[in-house]
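In the working numbering, the protein residues as written are 66 to 309.
Here it is as structure tokens:
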């Protein structure tokens with residue numbers, strides 16, 4: 066079995082492959098927990114929900130980890146993918162915006178098992194200050210920079226209403242954070258060298274609605290267009306009420 070160095074793979078792994086690596090890691094973790102020692106590309110592809118040709122091509126960007134006639138060593142491949150995407154180490158995370166969504170994220174137990182440790186919770190609402198979620202108190206937002214430095218925060222999570230998200234992103238960048246996960250329903254402007262991943266729940270629901278409307282012909286025409294709420298012009302306050 067051979068492997069490339071991190072520097073080599075960082076240069077030439079396609080972005081679409083990078084996006085699928087966590088899916089393969091999750092599938093391998095499930096196989097390992099079920100007691101599976103080795104698996105074929107077909108078995109791993111089925112567990113990950115992709116076709117086997119795509120999986121083999123994706124893994125070829127990492128190196129040669131399979132053995133012909135045997136398949137993949139589940140534990141070894143799991144470690145190699147975890148190492149490649151950087152979750153064999155502990156990544157300190159800060160969450161800003163402790164509304165309903167932020168509260169749920171703060172309570173999510175799956176972060177730690179996947180290599181992420183929430184070290185600070187912040188919100189601008191003084192009514193939330195010094196309340197506790199798990200073992201973490203909610204701190205004032207203006208404490209962001211010292212907390213980032215104290216805990217060497219690597220990743221910032223934004224779970225605020227849309228109108229506040231850009232200011233939060235600016236403060237995160239100013240404090241030295243270079244990776245941001247944005248749940249707010251807005252597009253952030255950040256400097257070069259800062260990575261932003263956006264999770265927009267309303268867009269995902271609209272995509273599902275698109276597919277659902279085509280399963281039942283005529284459903285999309287039941288309500289006259291003039292009577293339907295605008296899709297692109299969704300009222301910001303209403304959207305923020307749902308997200309926050």
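Built from N, CA and C at the ideal position, the CB exists for glycine as well. The structure displayed is predicted, hence computed values, not measured ones.
Residue 234 and residue 133 have their C-alpha atoms spaced approximately 48 Å apart.
By the 16-neighbour rule on beta-carbons within 10 angstroms, residue 89 is buried. DSSP, reduced to helix, strand and coil, places residue 203 within a strand of the structure shown. One Cα belongs to residue 224, the other to residue 214, and the distance between them is close to 21 Å.
Spanning the alpha carbons of residue 117 and residue 137 requires a straight line of approximately 13 Å. For the set 219, 231, 252, the Cα lying nearest the Cα of residue 243 is the one of 219. Selection 258, 121, 183 evaluated against residue 217 yields 183 as nearest (Cα-Cα). Excluding five sequence positions before and after residue 110, the CB atoms of its chain that fall closer than 7 Å to its own CB belong to 116, 117, 120, given in chain order. The C-alpha of residue 171 lies about 25 Å from the C-alpha of residue 148. Here the segment 186-195 makes contact with the segment 156-163; the two share three or more CB pairs at distances below 8 Å. Boundaries for residue 268: no beta strand (DSSP E) harbours it, while the alpha helix (DSSP H) harbouring it runs 266-280, taken from the DSSP string. Minimum Cα-Cα distance from residue 258 among the listed residues 273, 241, 274 corresponds to 241. Residue 185 is bridged by DSSP to 159.
Contact between residue 152 and residue 177 is absent: CB atoms are separated by about 11 Å, not below the 8 Å threshold.
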